[in-house]
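**Student:** The numbering used here numbers the first residue of the sequence shown as 201 and each following residue consecutively.
Here it is: the structure, laid out below.
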Amino acid sequence: MLRSVLLDPAVNLLIQRLKHELTSTKTRLEETQNELNAWKFTPDSNTGKRLMAKCRLLYQENEELGKMINSGRLAKLEGDLALQKSFSEEVKKSQSELDEILQDLDEDVEGMQTTILYLQQELRKSKLTIASLEKQLNSKEVNNHVGINGNDTTKHEENHKEENNTECNERTFSDKNSDSASRVNSNNKRTGSGAAGNTVPSKRQRSESVEFEMTYSDPEETLTALTNGK
């Protein structure tokens, strides 16, 4: 008969709901009973003592766990802080070293700039000196060239003068000899005691002619003597 009743879907659904409500009602009843027992709790009762001991044990465990967790975190934080401090010290040290290097580089750059400026000034002076020396050398070369040309001209003029003087002396000497010969001939004519065509000079005339030739053998002396009226 029960099986035939469960075959009906409506009856089966109703029975299932009733079972579920019964289970939930029993659960609520147990909870309510526990709450009622808790309200009846006193420190002097055995149940209360057990509960208090259990609570103390749990509290101690919680404190130990909290200390372990806090100590672990604190240690980690302390380690991280120490690491950051050491890193900061290294960074500060590196920064100070870089500052010193940059200061040295600035001093080196200033020294190099001063040296470059001095070298530029020396180079400028050297260029000016070279230019002035080149000008002097060019002027000296021009003067030497002009002097050489002038010397050549002067020498040519002196040679020309000497040649003219030599020609004049030779002409004067020849004229003088001609005059001497004519005077000798005239004397012979005046003193002629021999034949009509005899032109042989006397001993005195020959000596005078030789003396004249010996005295005025140099053309320049002859020219001087003639000028003075000898």
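Even for Gly, the Cβ is constructed at its ideal location relative to N, Cα and C.
Computed from a predicted model, the values in this text were never measured in an experiment.
Kindly list the residues whose CB is nearer than 6 Å to the CB of residue 410, restricted to its own chain and excluding five residues on each side of it in sequence; keep chain order.
**Tutor:** For this step, residue 410 is matched to residue 210 along the sequence shown. Note that residue 410 scores 47 on pLDDT, short of 50, meaning its location in the model is unreliable and no value can be drawn from it.
**Student:** Does DSSP put residue 208 in a helix, a strand or coil?
**Tutor:** For the purposes of this step, residue 208 is taken as the residue at position 8 of the sequence shown. Note: residue 208 maps to coil in three-state DSSP.
**Student:** Give the straight-line distance between the Cα atoms of residue 231 and residue 237, rounded to the nearest whole angstrom.
**Tutor:** The count along the sequence shown starts at 1 and reaches residue 231 at position 31. The count along the sequence shown starts at 1 and reaches residue 237 at position 37. Distance between the alpha carbons of residue 231 and residue 237: 10 Å.
**Student:** To the nearest angstrom, how far is it from the Cα of residue 312 to the Cα of residue 319?
**Tutor:** Indexing the sequence shown from 1 puts residue 312 at position 112. Indexing the sequence shown from 1 puts residue 319 at position 119. Each residue's Cα considered, the two are about 10 Å apart.
**Student:** Runs of 3 residues minimum, wholly inside the segment 284-329: which ones carry the beta strand (DSSP E) assignment?
**Tutor:** Counting whole runs of 3 or more residues, the segment 284-329 contains no beta strand (DSSP E) stretch at all.
**Student:** Tell me which same chain residues have a C-beta within less than 8 Å of the C-beta of residue 234, skipping the five on either side of it?
**Tutor:** Position 34 of the sequence shown, counting from 1, holds the residue named residue 234. Excluding residues within five positions, none has a Cβ falling inside 8 Å.
**Student:** Taking just the CA atoms, how far does residue 282 sit from residue 268?
**Tutor:** The residue given as residue 268 occupies position 68 in the sequence shown. The residue given as residue 282 occupies position 82 in the sequence shown. About 21 Å.
**Student:** Please report the straight-line C-alpha distance between residue 334 and residue 345, rounded to a whole angstrom.
**Tutor:** What you label residue 334 is simply residue 134 of the sequence shown in a count that begins at 1. What you label residue 345 is simply residue 145 of the sequence shown in a count that begins at 1. If you take the alpha carbons of residue 334 and residue 345, they lie about 16 Å apart.
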